[in-house]
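In full-length UniProt numbering, the protein residues as written are 1 to 588.
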């Protein structure tokens with residue numbers, strides 16, 4: 001049997017290594033106070049080792065009391081042989097026998113080694129136990145380090161992902177912003193292109209044979225056409241601007257032609273229907289005039305909507321203004337075509353009815369034209385919403401027919417009373433009553449009346465001048481005119497009788513009361529009866545003319561003529577004192 005190698009060097013090496021743990025002052029494994037206490041407790045427990053069970057029972061006596069204290073509880077073997085067998089079995093020498101000293105020493109060395117091993121078993125166990133903890137701690141530390149590395153990697157990845165996410169978010173926001181800008185740009189382009197794209201739709205509608213100006217889509221199409229023209233006109237920097245503008249203008253011309261054609265045809269058809277009617281169906285001119293207005297009023301709603309659309313756009317585009325002017329002209333031409341002959345026949349009829357009554361003729365003729373002007377304005381408002389000066393031109397032309405009939409009659413009137421009454425009719429009844437109350441509708445009529453009034457006033461001044469020259473300046477008294485003072489006495493008696501009848505009423509001094517009761521005045525009258533007669537005639541003419549409704553200018557002219565007549569007729573015949581006294585009498 002080979003001897004086992006000595007284990008002393010290995011144990012010493014272990015002990016040397018263990019001594020390094022608590023070597024002072026720099027231990028390899030410094031212990032805390034608690035750990036140191038634990039080691040001391042383990043050391044104290046290890047000092048009391050139990051007696052090996054393989055020792056012979058005889059050797060028990062050689063053990064110290066200290067070593068026996070621990071083994072008292074051990075079971076006492078039954079025999080020495082059993083104990084030895086067990087000890088040798090533990091040492092692996094159950095088949096060997098100790099016969100020599102060398103074998104004993106070998107056995108003893110093994111026992112010593114076994115004892116050393118048994119003595120350090122707890123330490124080795126603790127070492128292994130602690131090594132296990134160390135390994136676990138190392139594993140945990142490795143896991144922690146690995147976890148930290150993973151966390152660091154995760155943090156780096158998180159930062160990377162966060163940075164990339166932020167970059168992606170910013171890129172997305174930028175893309176969304178660009179997308180929004182592109183969408184807005186596309187919508188803006190689409191909105192701008194929509195005006196150009198409407199050209200084809202509008203052309204298709206205008207060229208359609210079923211298109212009617214009264215259809216529901218015509219006015220919206222017209223509004224869209226106006227918007228397109230206005231938009232293109234306001235952007236001359238667009239590509240193909242002149243081409244599209246010309247094309248849209250052509251579409252507008254087509255639409256205007258449709259509106260004008262429909263309106264003109266409607267008005268002309270009305271006129272044709274009214275002029276083709278059987279004259280026997282119209283019993284009098286009043287019914288004819290009524291028919292003229294009723295037919296036109298009934299047809300007004302058919303064209304009023306279109307005309308209103310044209311009027312609303314007339315100030316913006318010259319094409320609409322041109323069409324509106326043509327519609328105005330057509331309307332006024334048709335009205336003139338209808339009213340001209342009827343007004344002429346009515347004026348002729350009034351002239352024949354009032355051939356000798358000039359005042360009644362002027363009054364009825366002017367009243368007729370007042371109604372015509374008012375009715376025409378009302379009918380015009382049925383078709384149009386905005387006024388036009390052409391209507392007044394037409395009415396002035398119609399009023400001129402009355403003026404042409406009345407003027408020859410006026411220039412042949414010789415009676416001052418008739419001329420004065422005509423002035424009153426024209427000035428008071430027509431201008432002040434009718435025209436001032438309805439100046440808007442009677443503007444054209446007022447112009448004709450003013451011209452007629454000027455003619456009447458001129459004729460009145462002329463006839464007054466002739467009257468003064470023939471009846472005042474060239475006055476030749478008849479025998480009855482010179483029957484003074486008989487006429488004055490008779491006038492005084494009449495005045496006295498009237499005074500007695502009207503005593504209760506206040507009255508002013510008459511000619512006889514003031515002068516004839518004065519003896520000196522009577523002697524003056526009796527001595528110059530020719531002067532009194534002339535002044536009486538002149539004063540009578542002045543009073544007659546003063547009561548007429550003249551303008552201040554005409555009255556001033558007549559007053560001046562009378563003054564000239566007085567001066568020319570009497571200053572060379574009468575004493576100036578008499579003239580002054582007579583002027584005081586007859587100007588009261």
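We put the beta carbon where it would ideally sit given N, CA and C, even for glycine.
- Per the C-alpha coordinates, the member of 155, 386, 195 positioned closest to residue 309 is 386.
- Proximity of the stretch 468-476 to the stretch 392-405 falls short of the contact definition, fewer than three beta-carbon pairs being nearer than 8 Å.
- Below 8 Å, enough C-beta pairs join the stretch 428-445 and the stretch 374-385 to call them touching: three or more.
- A check of alpha carbon separations from residue 42 across 126, 314, 361, 264 identifies 126 as the nearest.
- Here the alpha carbon of residue 174 sits roughly 18 Å from the alpha carbon of residue 186.
- Following the DSSP letters along the chain, one finds residue 321 inside the alpha helix (DSSP H) bounded by residues 318-353.
- Membership of residue 497 in the alpha helix (DSSP H) is indicated by the continuous run 486-501.
- In this structure the stretch 190-208 touches the stretch 225-241; the number of beta carbon pairs closer than 8 Å is three or more.
- Annotation: the continuous alpha helix (DSSP H) that includes residue 459 extends over 443-467.
- Nearest Cα to residue 410 within the set 164, 358, 254: 358.
- For residue 346, the closest of 150, 169, 366 by C-alpha to C-alpha distance is 366.
- Cβ contact annotation for residue 303 (same chain, cutoff 6 Å, sequence separation greater than five): 263, 266, in chain order.
- For residue 166, the enclosing alpha helix (DSSP H) has its first and last residue at 101-206.
- Here the alpha carbon of residue 206 sits roughly 7 Å from the alpha carbon of residue 251.
- Residue environment for residue 448: buried (at least 16 other C-beta atoms within 10 angstroms of its C-beta).
- Counting only runs that start and end inside the stretch 231-318, the alpha helix (DSSP H) elements of at least 4 residues fall at 241-275, 285-313.
- Taken through DSSP and simplified to helix, strand or coil, residue 35 comes out as helix.
- Per DSSP, residue 416 is one residue of the alpha helix (DSSP H) stretching across 416-424.
- Sequence-distant partners of residue 419 (beyond 5 residues in either direction) whose C-beta falls short of 7 Å from its own C-beta, in its chain, are 413, 456, 459, 460, 463.
- The C-beta of residue 172 has fewer than 16 other C-beta atoms within 10 Å across all chains shown, which makes the residue exposed.
- With respect to the 8 Å criterion, residue 199 and residue 248 are classified as neighbours on the basis of their beta carbons.
- Here residue 454 is exposed, its C-beta having fewer than 16 other C-beta atoms within 10 Å.
- Under the three-state reduction of DSSP, residue 405 is assigned to helix.
- With respect to residue 183, residue 260 sits apart: the two C-beta atoms are not nearer than 8 Å.
- Annotation: residue 246 to residue 317 spans about 14 Å, alpha carbon to alpha carbon.
- The continuous alpha helix (DSSP H) containing residue 360 extends over residues 358-383.
- Assigned with DSSP and collapsed to three states, residue 480 falls in helix.
- Around residue 130, the same chain offers no residue with a beta carbon nearer than 8 Å, after the five sequence neighbours per side are excluded.
- In terms of Cβ geometry, residue 296 and residue 270 form a close pair [threshold 8 Å].
- Cβ-Cβ distances below 7 Å link residue 196 to 244 in the same chain, with the five nearest sequence neighbours on each side left out; the list follows chain order.
- The C-alpha of residue 388 is placed about 19 Å away from the C-alpha of residue 435.
- Annotated as distal: residue 28 and residue 40, with beta-carbon spacing of 8 Å or more.
- Taking residue 405 as the centre and dropping the five residues before and after it, the same chain places the C-beta of 347, 351 closer than 7 Å to its C-beta, in chain order.
- CA-CA distance, residue 256 to residue 208, rounds to 15 Å.
- Residue 479 and residue 452 have their C-alpha atoms some 42 Å from each other.
- Between residue 364 and residue 289, the CB-CB gap reaches or exceeds 8 Å.
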